[in-house]
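In my numbering, the protein residues as written are 39 to 448. Built from N, CA and C at the ideal position, the CB exists for glycine as well.
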Ligand SMILES: C[S@@+](CC[C@H](N)C(=O)[O-])C[C@H]1O[C@@H](n2cnc3c(N)ncnc32)[C@H](O)[C@@H]1O
């Protein structure tokens, strides 16, 4: 048996619910999706001037709750000037508009550093008449300013592509007891139903306690990710799934396609899958790509993936042992082209691996292994049906690099 390092351009999985892509969303060829997407969410850089990281756990110790991790660069949010920043965003919004169906919706999430400029850009590209809402996501997070009021909200611009917009707010009812206005007069109507009333401009408005309540344009009931939140992936600027569920539910029906062109840790993909929607995620950061791959695997969501694998020579020790009706594929060891940082050794440097069939650069995945807080130890034996032809292995290391090997049997 021999193994040969090779290129893998695309991973495919049976019953895939979406796709993840690595690359610049402004330049990517997404023509296969044009006119098919119900909701595009963009959470681009906000011109913060910062460099963001992925805090990557390492090996059994790191995944098991210990302090073993490395900080990997995720993305840089530094721009020579505002024009360059807005040019990037212009490319991304143009791509979003091409993707959208006529009844689709675009959401652009920014903060107060760039919101005024982004609003004007969106008016220019989508038309002022297609502005729907300026949503305010207000949250509590650490730190209080003394020289000004603390900045504790983000802005999400909501635009429609055309007046045909599909929007059903009844899909996001607030839990009972939220947003009930205490300054209103409490009373019961003649049938005994509890309600609150308020008189404005000569008119009395009645709100029944058992009527559903829907969010307004200020969302202060969706918490920021807390330090110990189990959703946390270690990717800076990760948003909560609850926020994305609220964004996509009213504008995308079940099985509709939702796209995120700045997908980061893949929150939109998780929210889409949890709510029975399909997804397209793209990001230019290899760290983001590795995180969203693992996050989807651990949520048991099937997906396709597109990105070339690394061709710098790296040694893998892969063995295949015949079993009854299946073969055991064992990953005995792996050495990257350059040693991993801080004395990380195999197998701790291996994060995820998959076995499948590789034909013409297409890797049909049959089985996956990955680390998680509940299973920090990497499963190094995966099974495939006996004598599977074109057997191949894909390895993702702790730095997010991907290596592919064709297994050649005698
Ligand atoms: C604010 S983060 C998104 C976080 C994400 N919403 C989450 O929940 O994890 C912005 C992302 O945009 C990505 N990005 C920046 N420029 C990009 C481009 N031209 N194409 C694709 N992704 C880009 C960055 O790599 C980063 O992951």
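Legend entry - Beta-carbon proximity check, residue 138 vs residue 223, cutoff 8 angstroms: Position 100 of the chain shown, counting from 1, holds the residue named residue 138. Position 185 of the chain shown, counting from 1, holds the residue named residue 223. No; because the gap between Cβ atoms is not below 8 angstroms, this pair is not in contact.
Inset, instruction - Below 7 angstroms CB to CB, which residues in the same chain sit around residue 379 once its five sequence neighbours on both sides are set aside? - result: Counting from one through the chain shown, the residue named residue 379 turns up at place 341. Once the five neighbours on either side are set aside, the close Cβ partners of residue 379 are 108.
Legend entry - N-terminal and C-terminal residue of the beta strand (DSSP E) that residue 389 is part of: Translated into positions along the chain shown, residue 389 becomes position 351. Its beta strand (DSSP E) spans residues 388-397.
Inset, instruction - State yes or no: is the C-beta of residue 305 nearer than 7 angstroms to some heavy atom of ligand 1? - result: Taking the chain shown and counting its residues from 1, the one referred to as residue 305 is at position 267. Checking every heavy atom of ligand 1 against the Cβ of residue 305, one is found closer than 7 angstroms.
Inset, instruction - State yes or no: is the C-beta of residue 276 nearer than 7 angstroms to some heavy atom of ligand 1? - result: Position 238 of the chain shown holds residue 276. Within the cutoff, so yes.
Legend entry - Same chain, Cβ closer than 7 angstroms to residue 202, five either side skipped, listed in chain order: Counting from 1 along the chain shown, the entry for residue 202 is found at position 164. Excluding residues within five positions, the ones whose Cβ falls inside 7 angstroms are 140 and 141.
Inset, instruction - Could you tell me the distance, in whole angstroms, from the CA atom of residue 161 to the CA atom of residue 128? - result: In the chain shown, counting from the first residue as 1, residue 161 sits at position 123. In the chain shown, counting from the first residue as 1, residue 128 sits at position 90. So the alpha carbons of these two residues sit roughly 11 angstroms apart.
Inset, instruction - Check whether the Cβ atoms of residue 414 and residue 101 sit closer than 8 angstroms, and answer yes or no. - result: In the chain shown, residue 414 corresponds to position 376, counting from 1. In the chain shown, residue 101 corresponds to position 63, counting from 1. In contact: residue 414 and residue 101 (Cβ atoms closer than 8 angstroms).
Inset, instruction - Report the residue from 103, 412 and 283 whose alpha carbon sits nearest the alpha carbon of residue 207. - result: Within the chain shown, numbered from 1, the residue matching residue 207 stands at position 169. Minimum Cα distance to residue 207 is reached at 283.
Inset, instruction - List the DSSP bridge partners of residue 123. - result: The sequence position of residue 123 within the chain shown is 85, counting from 1. Looking at the DSSP assignment, residue 123 forms no beta bridge with any residue, so it has no partner.
Inset, instruction - Kindly identify the DSSP beta-bridge partner or partners of residue 423. - result: Here residue 423 corresponds to residue number 385 of the chain shown, with the count starting at 1. Per DSSP, 364.
Legend entry - Check: residue 299 C-beta below 7 angstroms from any heavy atom of ligand 1: Numbered from 1 along the chain shown, position 261 holds the residue referred to as residue 299. At least one heavy atom of ligand 1 is nearer than 7 angstroms to the Cβ of residue 299, so yes.
Inset, instruction - Can you have a look at residue 72 and say buried or exposed, based on whether 16 or more other CB atoms are within 10 angstroms of its CB? - result: Here residue 72 refers to the residue found at position 34 of the chain shown. Exposed, by the Cβ-count rule.
Inset, instruction - Compare the beta carbon distance of residue 76 and residue 279 with 8 angstroms and say whether it is the shorter of the two. - result: Start at 1 with the first residue of the chain shown, and residue 76 comes out as number 38. Start at 1 with the first residue of the chain shown, and residue 279 comes out as number 241. In this structure, residue 279 does not lie closer than 8 angstroms to residue 76 by Cβ.
Legend entry - Opening and closing residue of the alpha helix (DSSP H) in which residue 98 lies: Position 60 of the chain shown, counting from 1, holds the residue named residue 98. 97-101 is the extent of the alpha helix (DSSP H) around residue 98.
Legend entry - Contact under 8 angstroms by Cβ, residue 43 with residue 346: For the purposes of this step, residue 43 is taken as the residue at position 5 of the chain shown. For the purposes of this step, residue 346 is taken as the residue at position 308 of the chain shown. Their beta carbons are not under 8 angstroms apart, which means residue 43 does not touch residue 346 by this criterion.
Legend entry - CA-to-CA distance, residue 233 to residue 332, given in whole angstroms: On the chain shown, residue 332 is found 294 positions in, with the first residue counted as 1. On the chain shown, residue 233 is found 195 positions in, with the first residue counted as 1. Near 48 angstroms, if we compare the C-alpha coordinates of residue 233 and residue 332.
Legend entry - residue 223 in three-state terms, based on DSSP: As a position in the chain shown, residue 223 is number 185, starting the count at 1. Strand.
Legend entry - Sequence ranges, beta strand (DSSP E) only - wholly within the segment 131-218, length at least 3: 138-148, 169-176 and 191-198
Inset, instruction - List the endpoints of the continuous beta strand (DSSP E) containing residue 111. - result: As a first step, residue 111 is located in the chain shown; it is residue number 73 there, counting from the start. First-last of the beta strand (DSSP E) with residue 111: 107-114.
Inset, instruction - Look at residue 451 and residue 257 and say whether their C-beta atoms are less than 8 angstroms apart. - result: Because the chain in this structure spans residues 39 to 448, residue 451 falls outside the shown range and cannot be described.
Inset, instruction - Below 8 angstroms CB to CB, which residues in the same chain sit around residue 301 once its five sequence neighbours on both sides are set aside? - result: Position 263 of the chain shown, counting from 1, holds the residue named residue 301. Only 58, 307, 319, 320, 321, 326 and 330 meet the Cβ criterion.
Inset, instruction - Select from 297, 328 and 340 the residue whose C-alpha is nearest the C-alpha of residue 78. - result: The count along the chain shown starts at 1 and reaches residue 78 at position 40. When only C-alpha atoms are compared, the closest one is 297.
Inset, instruction - Please look up how many angstroms separate the CB atoms of residue 255 and residue 147, rounded, as I've assumed it's under 8 angstroms. - result: Counting from 1 along the chain shown, the entry for residue 255 is found at position 217. Counting from 1 along the chain shown, the entry for residue 147 is found at position 109. About 14 angstroms separates the two Cβ atoms, so there is no contact after all.
Legend entry - Under 8 angstroms between C-beta atoms of residue 463 and residue 436: Absent from the structure is residue 463, since the part of the chain shown begins at 39 and ends at 448.
Inset, instruction - Less than 8 angstroms between the CB atoms is what I'm expecting for residue 317 and residue 55, so what's the real figure, rounded? - result: Here residue 317 corresponds to residue number 279 of the chain shown, with the count starting at 1. Here residue 55 corresponds to residue number 17 of the chain shown, with the count starting at 1. Rounded, the Cβ-Cβ distance is 7 angstroms, consistent with contact.
Legend entry - N- and C-terminal bounds of the alpha helix (DSSP H) containing residue 56: Within the chain shown, the letter at position 18 stands for residue 56. Run containing residue 56: none in the alpha helix (DSSP H); it sits in the beta strand (DSSP E), 56-60.
Legend entry - Secondary structure of residue 352, DSSP reduced to three states: Residue 352 sits at position 314 when you count from the first residue of the chain shown. In the structure shown, residue 352 sits in coil (DSSP, three-state: anything other than H, G, I, E or B).
Legend entry - Whole beta strand (DSSP E) elements within the segment 217-287, 3-residue minimum: 223-226, 232-238 and 241-246
Legend entry - residue 132 versus 269, 444, 229 and 164, residue with shortest Cα-Cα distance: Within the chain shown, residue 132 is the residue found at index 94, counting from 1. The option with the nearest alpha carbon to residue 132 is 164.
Inset, instruction - Drop a sphere of 10 angstroms on the beta-carbon of residue 356, count the other beta-carbons inside from all chains shown, and report buried for 16 or more, exposed for fewer. - result: Residue mapping note: residue 356 aligns to position 318 of the chain shown, counting from 1. Residue 356 should be labelled buried.
Legend entry - Contacting residues, own chain, Cβ-Cβ under 8 angstroms from residue 123 (five flanking each side not counted): Here residue 123 is taken as the residue at index 85 of the chain shown, counted from 1. If we look at residue 123 and ignore the five residues flanking it on each side, its Cβ neighbours are 83, 85, 117 and 152.
Inset, instruction - Report yes if the C-beta distance between residue 400 and residue 89 is below 8 angstroms; otherwise report no. - result: Indexing the chain shown from 1 puts residue 400 at position 362. Indexing the chain shown from 1 puts residue 89 at position 51. No, the pair does not count as a contact, with Cβ atoms beyond the cut-off.
Inset, instruction - Would you identify the three-state DSSP class for residue 384, choosing helix, strand or coil? - result: Residue numbering aside, residue 384 sits at position 346 when the chain shown is read from its first letter. Coil.
Inset, instruction - Specify the secondary structure class of residue 359 as computed by DSSP and reduced to three states. - result: Mapped onto the chain shown, residue 359 falls at position 321. In this structure, residue 359 counts as strand in the three-state DSSP scheme.
Inset, instruction - Find the nearest neighbour of residue 395 within the set 427, 259 and 110, judged by alpha-carbon distance. - result: Walking along the chain shown from the start, residue 395 turns up at place 357. Ranking 427, 259 and 110 by Cα distance to residue 395 puts 427 first.
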